[in-house]
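Participant:
In my numbering, the protein residues as written are 17 to 159.
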């Protein structure tokens, strides 16, 4: 991942692909999904996403990463439309989170340490696992 939000090391579908959501792709995503990028990211984190949230983030990420739109559509058809959507959800989350927040400390597919998975508000692809909040966490923050 680079500081401009480009992700070049995600293996998705049939190969390693480069993804990027620059301002133009973020605007198109907003128009197509009738929701801002933060709202879509929140939907991913809160498990309230829609199928086309996942689809459009990946499609636009491929285009922003330099792929021709027709080729991006072919891959979306093959690996989103005709596969279980949950295979692509972590990829979409990572693409959008990186575009909005910058590079994450860990790469998609690497095992995450137990400590980093406990950080509240983490943009980690492990957002699917939610841990219960405890009073001891809150009291530590207030000290």
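Just so it is clear, CB atoms sit at the ideal spot from N, CA and C, and this is done for glycine as well. Given the structure is predicted, the values throughout are model-derived calculations rather than measurements.
1. Here's the rule: buried if 16 or more other CB atoms are within 10 angstroms of the residue's CB, otherwise exposed. What is residue 27?
2. Using the rule of at least 16 other Cβ atoms within 10 Å of the residue's Cβ for burial, across every protein chain shown, is residue 85 buried or exposed?
3. Can you list, in chain order, the residues of its chain with a C-beta nearer than 6 Å to that of residue 88? Leave out the 5 residues immediately preceding and following it.
4. Any chance the stretch 104 to 116 sits against the stretch 60 to 69, with 3 or more Cβ pairs inside 8 Å?
5. Rounding to the nearest angstrom, what Cα-Cα distance links residue 48 and residue 72 in this structure?
6. Secondary structure at residue 34, three-state DSSP: helix, strand or coil?
7. Tell me which residue opens and which closes the alpha helix (DSSP H) that residue 74 is part of.
8. By Cβ distance, which residues of its chain are closer than 8 Å to residue 54, with the 5 residues on each side in sequence left out?
9. How big is the Cα-Cα spacing for residue 34 and residue 82?
10. If you compare alpha carbons, which of 56, 64, 97 is closest to residue 43?
11. Quick check: residue 99 and residue 30, are their CB atoms within less than 9 Å of each other?
12. Measuring CB to CB, does residue 70 end up less than 9 Å from residue 45?
Facilitator: Quick look at the numbers:
1. Numbered from 1 along the chain shown, position 11 holds the residue referred to as residue 27. Looking at its Cβ environment, which holds fewer than 16 other Cβ atoms inside 10 Å, residue 27 is exposed.
2. Along the chain shown, read from residue 1 onward, the residue named residue 85 stands at position 69. Per the 10 Å Cβ criterion, exposed.
3. Taking the first residue of the chain shown as position 1, residue 88 is located at position 72. Leaving aside the five residues that flank residue 88 on each side, the residues in its chain whose CB is nearer than 6 Å to its CB run, in chain order, 75, 78, 79.
4. Judged by Cβ distances under 8 Å, the stretch 104 to 116 makes contact with the stretch 60 to 69, as three or more pairs qualify.
5. As a working note, residue 48 is residue 32 in the chain shown. As a working note, residue 72 is residue 56 in the chain shown. Each residue's Cα considered, the two are about 8 Å apart.
6. Numbered from 1 along the chain shown, position 18 holds the residue referred to as residue 34. Residue 34: strand per DSSP, three-state reduction.
7. Residue 74 sits at position 58 when you count from the first residue of the chain shown. That run of the alpha helix (DSSP H) goes 67 to 80.
8. Within the chain shown, residue 54 is the residue found at index 38, counting from 1. Counting only Cβ-Cβ distances below 8 Å, and skipping sequence neighbours, we find 116.
9. Numbered from 1 along the chain shown, position 18 holds the residue referred to as residue 34. Numbered from 1 along the chain shown, position 66 holds the residue referred to as residue 82. Between the alpha carbons of residue 34 and residue 82 lies a distance of about 7 Å.
10. What you label residue 43 is simply residue 27 of the chain shown in a count that begins at 1. Comparing Cα positions, the closest option is 56.
11. As a position in the chain shown, residue 99 is number 83, starting the count at 1. As a position in the chain shown, residue 30 is number 14, starting the count at 1. Not closer than 9 Å, so no.
12. Sequence index remark: in the chain shown, residue 70 carries index 54 (1-based). Sequence index remark: in the chain shown, residue 45 carries index 29 (1-based). It is not a contact, given that the beta carbons lie outside the stated cut-off.
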